[in-house]
Structure formats: structure tokens, C-alpha cells
Amino acid sequence: IIALVMLGKYFEDLSKQKTNFALTSLLTLVPKKALLVVAKGQTKEVPVAELKVGDTFLVQAGQSIPVDGIVLAGETTVDESMLTGESLPVAKSSGDLVSAGTVSQVGQLTCRATRIGSQTALSQIIALVAKAQGSKAPIARLADRIAGYFVPVIMGIATLGALAWFLTGHSLGFSLTIFVSVLVIACPCALGLATPTAIMVGTGKAAKAGILFKNGTALEQLSQVTTVVLDKTGTITQGKPTVTDVLAKPGLKRATILQLAASLEFYAKHPLAQAILQASTAETLPVSDFETLPGRGLTAKVNGLTYFLGNDKLLVKQKLSTETPLLKQAQALTQGGKTVMFLSTEKDLLGVIAVQDPLKQDSRHAIAQLHKLGTKTVMLTGDNEKTARAIAKQVQISEVISDVLPADKARVVLELQAKGQKVAMVGDGINDAPALANADVGVAIGNGTDVAIDSADVVLMNSDLSSLAQALLLSHKTLVNIKENLFWAFFYNCLGIPVALGVLTLFGGPLLDPMLAALCMSFSSVSVVLNALRLNRVKLN
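Everything in the sequence shown is counted per the working numbering, starting at 88 for the first residue and increasing by one.
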């Protein structure tokens, strides 16, 4: 019996090692050695553990980056798939950040170490995955409580069964065989493995796709979500406004309109100004008599002529004609959810510049996938209703809550929960943190702020909204897998106990040998682990 139980445990351990493959593969990503740059540009190979913050190190083509750092010199493309799940390499040059464990593909980089050891992004991910894999989901606690009742009940059944056979004239050996067979075949090992193995495989599979669950509870609760609340800026959109349209009055070139606008906005720091400066390819012109017009825009002189750049309130203040074709075109752009700025002199409208925060490439597809999974979507934004509705229309979101102050986002989440909805909140900014904390499941975009990531239960490392649909699908599949495991563990025991009690012998059948009971018990545990490993075959794309 002991030999067969040990054999079963051996096969069980082999199977369980595969469930932890994602974590062990992450641990092997960091190289053991690094090229430390010493005096006069010479390099010295040292153990990675000896690198300190501020040290300069060299990464050659094909090498893994040893610690987190900032690029000082050189250009390359870096494979970051092990961290973000994104297969396309990312271009890196001076000033860009690089992460430990990622691989430089073609060029050579000189970098300065910014985070080492347990502080690196990879180390924090490994710690997070390990914590999630060791945590218990609520459904696991249910299994624990059932096992707490199950064990004494089985002890009682085994004792009563043995006594019943002994008192009806059977030998002590026969009765002990019944007693041992019941105890062995009903051992709740499979019950104990049902949940943790599925969570280990599910969180590991998610980590490989750039999705980090902070604990088993988040994995289970995400499968129960009925409503996904999405922040607009930086979540559905790129969070970086760009110039989409430039209109000029007859006789003027669009490049001239952009050049004048860029000259006026040269010293401004707000996102709209940066969008105009990036769009203009011409050299900016010197300006004088610069003045900010609060709530309307700005004014300055270029080559002795006064220009104005601002919103429609500026046009009203200047009493410019509202019947020009340019204004009618501008109204159409505004209806499309774009932010429109007007360039004029004191008496004449010269041009219109439209700026919009473009959608992320995968937003439409991701939201369609969420709808396909039966999840309701809500856009929650501080933007005005017209802009919010225009973006929502593009991505097929029907419910929009706009003009929401940061402090009110958490209140909106609570109101949805009060209506009986299980809410997942997705955001990337500091203003999203309270809402992320209040939601049943908070989901942070990977390029978001640290406070947003700290407040969330799930982190999407590659910043793609498609990862949210993948996380939802994986959580559904994992919970189904757990329920399958629990069902088969209970079903197996319910089927095996009567056989071990000798019910078959009443009808002339065989008595279950304790050795066979041990073999069956061991392989029931193996079958649960093998069923959990099926999660590795779930297609997320």
C-alpha cells in the first residue's frame, strides 16, 4: 500500500512541476553575468549580484539585460515578450528605459543601472506570481470546509463498516481490510489539489500573456464580473493628443497655419500645444508681446502682426464672422468629438486645427470581445459629453458617464454595485485609484501610475485592452476547471466508498484490495492535476 501511494505521489509531483512552469521560466530569464563598464570604456565581466544602482553596464546583441536601467548610448530593438506578452520587439535608444530579463536583439547598448535585485520589474513580477499561486480563492476555502467535515465522516463510515462485517460473522482480517480500504480510497488528496493546481496553472498562463493576478481571489472574482467600467484617456485612447485636421482659408497653406500655431505655442507645456509642435515640420518663428487669455487661448505678435489662437470663445470675443465655410467645417469636426482651435488675426479667421486623442489600435476589437463574453461596458470619463459620446460610438459602447470629477469616479462604481452588478474598473491614472480600490476587481493598465497599479487586483503589463478580454476568458476557464476538479474528486469518493465497504461482495462480486484502493486514490490526484494542466491549451487570441 505504501509503495503504491508513494508511486502515485511521484507521478503527482511530476505533474505539479509542470503547473509551476511559468514561474520557473521567469526565474531563468536574468543572466548570471554582466559587462560592467570600468575606466576608459573598458568592460569587466562581473556577477549580476555585484551591480549597484548607478553602475554603467554594456549589453551586446543577443544578450539578456541584467538589471533595470536607462539607455545612455546605442540603439537596438528589445524583445519584451516575457514581461508584457507582446511579441513585437520595441525600439530602444538614448533616454529609454530597459528591464531586466528582456533581450537586446541587434544593437549594442550602454546603460546605467536604476533598479537592481528584488527591485527590478521582473523580480517584482516573479514575487507577484508566486504570491498569487500560493494564495487561496474563496472556492478553495469552501473545499477546505467540506474536507473538514468529510474526514471525520469517512472515519465513522470506515469504523461502522468494519464493525458491521465483524458482527455479522466475518473474520477480523476481513473487517480490517474493509476499514483500511475505505480510509485509503477516500483520502481527500484530490479534493485538496482541485483548486490550487488550477490557480497555479491559470495565473502562470496569464503571466506569460502579460496579465498579472495579484491573488487567487482576483482570478475568481473576475469570472463573476457583469460590468466593466473603462476610463477613456490612456485606456481606450492612447492618452496622447495628435493633430488630425488642419484647415486653411483660401490662399494660405496648411503648413503655414501649423507653423504660426507652433510659434505661438512654443513655450506652452499643455498636451494640445505639444501635439501642434509635433505636427509642424517648419521652424518656429520668433514671437513678441505674448499674452495668455484665460479660458480663451493666447495672443502674440509674429513679424509685427498680432495673432490669436484659442477656442470658440475667442472668436466671440473678437466678434469675427460666424458664417465662413471654415467655421462650418469646424462644427463638423467638433461633432466628431475633436478639440478644435482657431487661428486668427484681429479681423480675420485664418485657419482651424483639430486635435484628438486617438483610439488604441486594439480598443474596438477588445470591447467587441468583452461584449462577446456577455459583459456590459461603461465609459467613465472627466471629458465633456460630446467628446465622450463620439469616442464611445467608435468603440460601440452604449453607456457613457461623462464630466465626472476624479473624486466622483469611486462613487459611480459604488452606485453600479448597489444595483447588484459585479464591477471591474479599468484605469491608468492617479485619479482612477479610488475607483480601482472600490471595484470588485480593479484592473490597472501596465504603463499607468504606480498608485493605480498598487490599488488594482489585476495588472495588464502590455497596456493593451485586449489583455482584459483575455484575462476574463482565462478566469472563466479557470473557475470551470476548478469546479470540474471538485466534482470529479467528490464523485470519485462517492463511487469508491461503497466498493471499499464491500457492497459488491453482497452480490457475489470481489472485495476491493487495499493495494488497489491505494493505486486508485493516488491516480485520482494525478487526474486532477492533469485536468488543471489543460488550462495551458486555452487559446487567448
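No residue lacks a Cβ here, since even glycine has one placed at the ideal position from N, Cα and C.
Give me the DSSP bridge partner(s) of residue i.
{"i": "residue 151", "result": "190"}
{"i": "residue 464", "result": "315"}
{"i": "residue 134", "result": "120"}
{"i": "residue 253", "result": "Looking at the DSSP assignment, residue 253 forms no beta bridge with any residue, so it has no partner."}
{"i": "residue 178", "result": "164"}
{"i": "residue 374", "result": "389"}
{"i": "residue 300", "result": "545"}
{"i": "residue 198", "result": "144 and 158"}
{"i": "residue 238", "result": "None; residue 238 has no bridge partner."}
{"i": "residue 324", "result": "446"}
{"i": "residue 183", "result": "Its beta-bridge partners do not exist; DSSP assigns none."}
{"i": "residue 636", "result": "Past the boundaries of the shown model lies residue 636; the chain is included only from 88 to 628, so the question cannot be answered."}
{"i": "residue 384", "result": "380 and 397"}
Could you spell out the range, first to last residue, of the beta strand (DSSP E) harbouring residue i?
{"i": "residue 399", "result": "Not the beta strand (DSSP E): residue 399 falls in the alpha helix (DSSP H), residues 399-405."}
{"i": "residue 353", "result": "Per DSSP, residue 353 belongs to no beta strand (DSSP E) and is neither H nor E."}
{"i": "residue 440", "result": "436-443"}
{"i": "residue 420", "result": "Looking at the DSSP string, residue 420 is not in any beta strand (DSSP E); the run it does join, the alpha helix (DSSP H), is 412-422."}
{"i": "residue 205", "result": "Here residue 205 belongs to no beta strand (DSSP E), and DSSP marks it neither H nor E."}
{"i": "residue 334", "result": "329-335"}
{"i": "residue 625", "result": "Note, residue 625: premise wrong, no beta strand (DSSP E); not H, not E."}
{"i": "residue 511", "result": "510-514"}
{"i": "residue 427", "result": "426-431"}
Going by DSSP, what residue range makes up the alpha helix (DSSP H) through residue i?
{"i": "residue 490", "result": "Neither: residue 490 is in no alpha helix (DSSP H) and is coded neither H nor E."}
{"i": "residue 482", "result": "472-482"}
{"i": "residue 258", "result": "Residue 258 -> no alpha helix (DSSP H), and no H or E assigned at all."}
{"i": "residue 282", "result": "276-295"}
{"i": "residue 605", "result": "601-620"}
Closer than 8 Å by C-beta to residue i: which residues in its own chain qualify, once you throw out the five before and the five after it? Chain order, please.
{"i": "residue 374", "result": "350, 351, 353, 387, 388 and 389"}
{"i": "residue 632", "result": "The displayed coordinates of the chain run from 88 to 628. Any statement about residue 632 would go beyond what the structure contains."}
{"i": "residue 407", "result": "431, 434, 435 and 436"}
{"i": "residue 341", "result": "333, 334, 335 and 438"}
{"i": "residue 455", "result": "483"}
{"i": "residue 383", "result": "397, 398, 400, 401 and 404"}
{"i": "residue 615", "result": "277, 280, 281, 284, 572, 575 and 576"}
{"i": "residue 170", "result": "186, 188, 189, 208, 209, 212, 297 and 548"}
{"i": "residue 312", "result": "462, 509, 510, 511, 527, 528 and 559"}
By Cβ distance, which residues of its chain are closer than 7 Å to residue i, with the 5 residues on each side in sequence left out?
{"i": "residue 153", "result": "117, 118, 121, 135, 138, 144 and 187"}
{"i": "residue 523", "result": "512, 514, 529, 531, 539, 542 and 543"}
{"i": "residue 492", "result": "469"}
{"i": "residue 224", "result": "282, 286, 303, 304, 306 and 307"}
{"i": "residue 226", "result": "282, 307 and 569"}
Excluding the five sequence neighbours on either side, which residues of its own chain have a C-beta within less than 6 Å of the C-beta of residue i, listed in chain order?
{"i": "residue 631", "result": "Given a span of 88 to 628 for the chain in the structure shown, any question on residue 631 remains unanswerable."}
{"i": "residue 442", "result": "328, 330, 359, 362 and 426"}
{"i": "residue 39", "result": "Nothing about residue 39 can be reported from this structure: the residues present for the chain run from 88 to 628 only."}
{"i": "residue 195", "result": "147 and 161"}
{"i": "residue 633", "result": "This structure does not reach residue 633, given that the chain is present from 88 up to 628, and the question cannot be answered."}
{"i": "residue 448", "result": "none"}
{"i": "residue 450", "result": "323, 482 and 552"}
{"i": "residue 93", "result": "none"}
Hey, which unbroken runs of the alpha helix (DSSP H) at 4 residues or more fall wholly within the region 518-598? 520-525, 537-542 and 553-587
Problem set entry | the region 567-578 contacting the region 469-480, beta-carbon criterion three pairs below 8 Å | Proximity of the region 567-578 to the region 469-480 falls short of the contact definition, fewer than three beta-carbon pairs being nearer than 8 Å.
*asked:* Using 8 Å as the cut-off, can you tell me whether the region 594-609 makes contact with the region 269-278, which would need three or more C-beta pairs spanning the two stretches below that distance?
replied: Judged by Cβ distances under 8 Å, the region 594-609 makes contact with the region 269-278, as three or more pairs qualify.
Check: Below 8 Å, can you find three or more Cβ-Cβ pairs linking the region 575-588 to the region 318-332?
Finding: no
If you pair each beta-carbon of the region 275-284 with each one of the region 611-623, do three or more pairs fall below 8 Å? yes
Taking one C-beta from the region 154-164 and one from the region 173-182 each time, how about it: are there three or more such pairs within less than 8 Å? When Cβ pairs closer than 8 Å are counted between the two stretches, the region 154-164 is seen to touch the region 173-182, the count reaching three or more.
Worksheet item: Do the region 229-238 and the region 551-564 meet, that is, are 3 or more Cβ pairs less than 8 Å apart?
Response: no
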